[in-house]
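A.B. asks: For the record, the sequence lines run as chains L and A. Mapping to our numbering: the first sequence position 80 is 80, numbers consecutive. One gets our numbering by counting positions in the second sequence from 1 and adding 1000 to each.
Protein chains: 2
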Amino acid sequence: MSNLSPEFALLGLLAEGPSHGYDLHQRLVTDLGHVWHLSQSQAYAILKRLEMRGDVKSHTMEQEKLPARQKLQLTPQGRRRFQEWLDGGAASNARSIRLEFLTRLYFAQKYEPEKVADIYAAQFDQVWVSIQRLTSLLAHLPPEQEYNRLSLDLRLRQMHLICEWLDEIKTKFQIEVPA
Amino acid sequence: MSNLSPEFALLGLLAEGPSHGYDLHQRLVTDLGHVWHLSQSQAYAILKRLEMRGDVKSHTMEQEKLPARQKLQLTPQGRRRFQEWLDGGAASNARSIRLEFLTRLYFAQKYEPEKVADIYAAQFDQVWVSIQRLTSLLAHLPPEQEYNRLSLDLRLRQMHLICEWLDEIKTKFQIEVPA
DNA sequence: CTCAATATACTCACTCGATGAGTATATCAG
DNA sequence: CTGATATACTCATCGAGTGAGTATATTGAG
C-alpha cells in the first residue's frame, strides 16, 4: 500500500488529459523535480505497469518526422484510483509526507481546491498519530537500547518539525481548518 | 554507492565473529530494530549477496536436532569492506543519516571507540555541506516553483534539526571535537 | 555551412529492496 | 497432548532504480 514512487503523480498528470511518456516525465521533473526524483526509464517502467494494471491505455501515434509516440490516457479505473488516492489516507513518516502530501496538495490545488483543507487536516491528524506512537514507543523502550532510542528520538523530532512546517503551509495557502 | 540496506550492519555483526543467518537477523533486530527494519528473508537475501561478492564465506554445520546451520564468516575482503565503510563517507540526507550514522556510531563504539569523534566530525561536516547545497538551491529556485520550494525548505529544516540532534549526541557520548 | 550538442521518444538488461508464504523440526507451557 | 513459540532457512514475485543504448531532428556556434 505505501507508495514511494510517483505512480499517482503520473496518474494525476494524465488526469489533465492524454499525453505520452516523454512529456509526462518532463512535466513531472519541471513541476515536482525537487519532490520526486524520477529518471526517464523509471517513468516508462511505471507507466507500463499502470497500463498492465488497466489504469491507463495506450495508442501508437505515428509522426511525420520524430519517432512514434505512445499516446496514453486514463481509463475510468485509473481515474478512480487517482481519486481514491487523493482523498485517501495520509502518509506517516517524514519522507513520505514530503513526497505524498506535497503531491496531493499540488493536484488538489490544481483540480479541486475545495478539497485542500480536508487533505491538510487529514495529514495533520496523521502526524499527531505518529507523534503519539513514537512517544509511546520511546516511553516503553528499555533504557539500554541507546541506538534505538536515538533513532526514535530523531523521528519524533522530525514529526514535530513537520507540524511547524504544516503550520506555515496553512498560512501560505490560507487554509481554513474546521474545528 | 548510497547504501540503504543494512548490508554493512550485517558485515559489522560478523566482524565480531562467525555466526549464521538466523542469529544475525535476531541480533540486528534487538540491537538496531528501530534503526533498520529488516525481515528475515531480506536478511538471508543480503547475506547471500555478500557471499556471492566474496565478503563472506559459508560452511554447513549439521546439528543433532535442529535444522542445519550455514555458519558464516567474514573473508579478509569482507573485513576490509566493512572497515572502509566505517571510515568512509558520511550520509547526506535525513533518512540515511539516521540509518548509516547511527550504525557507524554503534560499531565504532563497540570496536574502535577512539574513532567515534572522527565519525561524528565527518557527519557534522557533511550536514553542513547539505545545508549549503539546499540553501543555494532554494536561493536559485524560480519563485513560481511552489512545491519544489516547500520540499527543499523541509529538507533544509530537517538538516538544521539534525544539527541539534548531533549536538546532543556529542554531549551524551562526550565526544571531543577537534578544532 | 557544417558539425556537435541538445531535444524528442522510447527500450533493454540488470541489480537490489521488500513482502509473504512455505518447510521442517524442537521445545515448552497449560 | 496439543498448540504456541523458537530454531533455521527457502522460494517466488514484485517494484524501485540505474545506466546504457537506439534513432532521428533541430539548433547554434565557429
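We put the CB at the ideal spot given by N, CA and C, even for glycine.
1) Cβ atoms of TYR120 (chain L) and LYS170 (chain L): under 8 Å apart, would you say?
2) Count the C-beta pairs between the region 157-174 of chain L and the region 1145-1161 of chain A that are closer than 8 Å, then say yes if the count reaches three, no if not.
3) From the DSSP output, read off the bridge partner residues of SER1019 (chain A).
4) Is there a Cβ of chain A sitting closer than 8 Å to that of ILE169 (chain L), yes or no?
5) If the cut-off is 9 Å on Cβ atoms, which residues from the region 3-26 of chain L count as contacting chain A, listed in chain order?
6) Kindly indicate which residue of L:GLY17, L:LEU11, L:ARG81 and L:LYS172 has the alpha-carbon position closest to the one of TYR44 (chain L).
7) Mind checking who SER58 (chain L) pairs with in its DSSP beta bridge?
8) From A:ILE1046, A:ARG1133, A:GLN1132 and A:PRO1006, pick the residue whose C-alpha is nearest to that of LEU1086 (chain A); which is it?
9) What residues in the region 144-163 of chain L bring their beta carbon closer than 7 Å to a beta carbon of chain A?
10) Judging by CA-CA distance, which residue of L:PRO178, L:LYS110, L:ARG27 and L:LYS71 is the nearest neighbour of SER19 (chain L)?
11) Taking C-beta pairs closer than 7 Å, name the residues in chain A that VAL35 (chain L) reaches, listed in chain order.
12) Out of curiosity, what's the CA-to-CA distance linking ARG1049 (chain A) and HIS140 (chain L)?
13) Measuring straight from C-alpha to C-alpha, what distance separates GLN1026 (chain A) and LEU1032 (chain A)?
14) Return the first residue and the last residue of the alpha helix (DSSP H) that VAL116 (chain L) is part of.
15) Could you tell me whether the region 1089-1102 of chain A touches the region 1062-1081 of chain A, using the rule of 3 or more Cβ pairs below 8 Å?
16) Cβ of ARG104 (chain L) less than 8 Å from any chain A Cβ?
17) Should TRP1128 (chain A) be labelled buried (16 or more other beta-carbon atoms within 10 Å of its own) or exposed?
18) Would the beta-carbon of GLU176 (chain L) fall within 8 Å of that of ALA117 (chain L)?
19) For SER1092 (chain A), tell me which candidate among A:GLU1144, A:GLN1132, A:LEU1028 and A:GLY1021 has the shortest Cα-Cα distance.
20) According to a CB-to-CB cut-off of less than 7 Å, which residues of the region 86-104 of chain L neighbour chain A?
21) How would you write the range of the alpha helix (DSSP H) that ARG1155 (chain A) sits in, first residue to last?
22) Nearest to PRO113 (chain L) by CA position, among L:VAL56, L:ASP23, L:GLN174 and L:SER39, is which residue?
23) Indicate the three-state DSSP secondary structure (helix, strand or coil) for VAL35 (chain L) in the structure shown.
24) Since GLN123 (chain L) and LEU166 (chain L) are thought to touch, with beta carbons under 8 Å apart, how far apart are those beta carbons, to the nearest angstrom?
25) Thinking just about the alpha-carbon of each residue, which of A:ARG1053, A:TYR1022 and A:GLY1054 is nearest to the one in SER1039 (chain A)?
26) What's the C-alpha gap between THR30 (chain L) and SER58 (chain L)?
27) For chain A, find out if any of its Cβ atoms is closer than 8 Å to the Cβ of LEU32 (chain L); answer yes or no.
28) Would you grab the beta carbon distance between SER1151 (chain A) and LEU102 (chain L) for me? Rounded to a whole angstrom, and I think it's under 8 Å.
29) Counting C-beta neighbours from all protein chains within 10 Å, is the total for ASP55 (chain L) 16 or more, i.e. buried, or is it exposed?
30) Check this for me: beta carbons of GLN1083 (chain A) and LEU1014 (chain A), under 8 Å apart or not?
31) Answer yes or no: does any C-beta atom of chain A fall closer than 8 Å to that of TRP128 (chain L)?
C.D. replies: Straight from the coordinates:
1) When the beta-carbon positions are compared, LYS170 (chain L) and TYR120 (chain L) come within less than 8 Å of each other.
2) yes
3) SER1019 (chain A) is bridged to A:LEU1072.
4) Yes, because at least one Cβ of chain A sits closer than 8 Å to the Cβ of ILE169 (chain L).
5) none
6) Closest option to TYR44 (chain L), Cα to Cα, is L:LEU11.
7) L:LEU72
8) The shortest C-alpha separation from LEU1086 (chain A) is found at A:PRO1006.
9) TYR147, ASN148, LEU150, SER151, LEU152, LEU154, ARG157, GLN158 and LEU161
10) L:LYS71
11) TYR1147, ASN1148 and SER1151
12) Distance from the CA atom of ARG1049 (chain A) to the CA atom of HIS140 (chain L), rounded to whole angstroms, is 36 Å.
13) 10 Å
14) 116-140
15) no
16) no
17) exposed
18) yes
19) The residue with the shortest Cα to Cα distance from SER1092 (chain A) is A:GLN1132.
20) ALA94, ARG95, ARG98 and LEU102
21) 1146-1172
22) L:GLN174
23) coil
24) Yes, they are in contact, since the Cβ atoms of GLN123 (chain L) and LEU166 (chain L) sit about 7 Å apart, within 8 Å.
25) When each option's Cα is compared against that of SER1039 (chain A), the closest is A:TYR1022.
26) 24 Å
27) yes
28) Confirmed, Cβ separation roughly 6 Å.
29) Per the 10 Å Cβ criterion, buried.
30) no
31) no
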